[in-house]
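Numbering-wise (the UniProt record's numbering), the sequence shown opens with residue 1 and increments by one.
Written below as structure tokens is the structure these notes are about.
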Amino acid sequence: MPTFVVSLRLPEAFDADFIALIPRHRAFINQLLADKVIEAYAISADRSRGWVTMHGDDAAAVQAMIEQFPLYEHLHGVEIDELFIFDSAASRFPHISLN
Numbered sequence: 001m002p003t004f005v006v007s008l009r010l011p012e013a014f015d016a017d018f019i020a021l022i023p024r025h026r027a028f029i030n031q032l033l034a035d036k037v038i039e040a041y042a043i044s045a046d047r048s049r050g051w052v053t054m055h056g057d058d059a060a061a062v063q064a065m066i067e068q069f070p071l072y073e074h075l076h077g078v079e080i081d082e083l084f085i086f087d088s089a090a091s092r093f094p095h096i097s098l099n
């Protein structure tokens with residue numbers, strides 16, 4: 001299945017509605033991580049941008065999944081790019097220890 005990176009822009013200020021949705025959003029993201037739909041989820045230190053690496057049949061399927069994010073209505077500038085290569089330490093086999 002193809003892998004995509006999604007770039008997200010978060011609002012400049014977090015209002016009460018946004019903050020109230022965070023627990024539900026995190027639960028949804030955690031479920032997608034457990035289901036191996038999402039490989040990585042990151043938010044910048046200044047909380048202005050986010051990146052999600054995820055699997056999907058095509059960009060439309062990824063867009064449909066992103067639209068299910070509880071915080072979707074608050075996001076600005078969602079960009080989806082299909083990756084040719086996605087390699088990470090987390091996706092490799094662990095080193096074998098003979099101890």
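Even glycine gets a Cβ: it sits at the ideal position worked out from N, Cα and C.
Just so you know, these numbers come straight off a predicted model, no measurement behind them.
Sequence-distant residues of its chain with Cβ nearer than 7 Å to residue i (five each side left out)
{"i": "Arg47", "result": "Leu10"}
Identity of the residue in the options nearest residue i by Cα
{"i": "Ala13", "options": "His76, Leu98 and Pro70", "result": "His76"}
{"i": "Ala90", "options": "Met1, Val6 and Thr53", "result": "Thr53"}
{"i": "Gly50", "options": "Pro2, Asn30 and Leu8", "result": "Leu8"}
{"i": "Phe86", "options": "Ala40, Ala60, Glu67 and Pro94", "result": "Ala40"}
{"i": "Ile22", "options": "Leu98, Glu73, Ser88 and Val78", "result": "Glu73"}
{"i": "Ala59", "options": "Ser97, Leu83, His25 and Ser44", "result": "Leu83"}
{"i": "Pro2", "options": "Ala27, Ser97 and Lys36", "result": "Lys36"}
Same chain, Cβ closer than 8 Å to residue i, neighbours up to 5 away in sequence not counted
{"i": "Leu32", "result": "Ile38, Met54 and Met65"}
{"i": "Val62", "result": "Phe4, Val6, Met54, Gly56 and Ile80"}
{"i": "Phe18", "result": "Pro11, Leu71 and His74"}
Helix, strand or coil at residue i [DSSP, three-state]
{"i": "Val62", "result": "helix"}
{"i": "Asp17", "result": "helix"}
{"i": "residue 102", "result": "Lying outside 1 to 99, the shown extent of the chain, residue 102 is not represented and no answer is given."}
Cβ-based burial, residue i [other Cβ within 10 Å; buried from 16]
{"i": "Phe69", "result": "buried"}
{"i": "Asp71", "result": "Inspection of the sequence shows that residue 71 is occupied by Leu rather than by Asp. By the neighbour-count rule (16 or more Cβ atoms within 10 Å), Leu71 is buried."}
Whole runs of the alpha helix (DSSP H) within the stretch 20 to 80, excluding any shorter than 4 residues:
59 to 66
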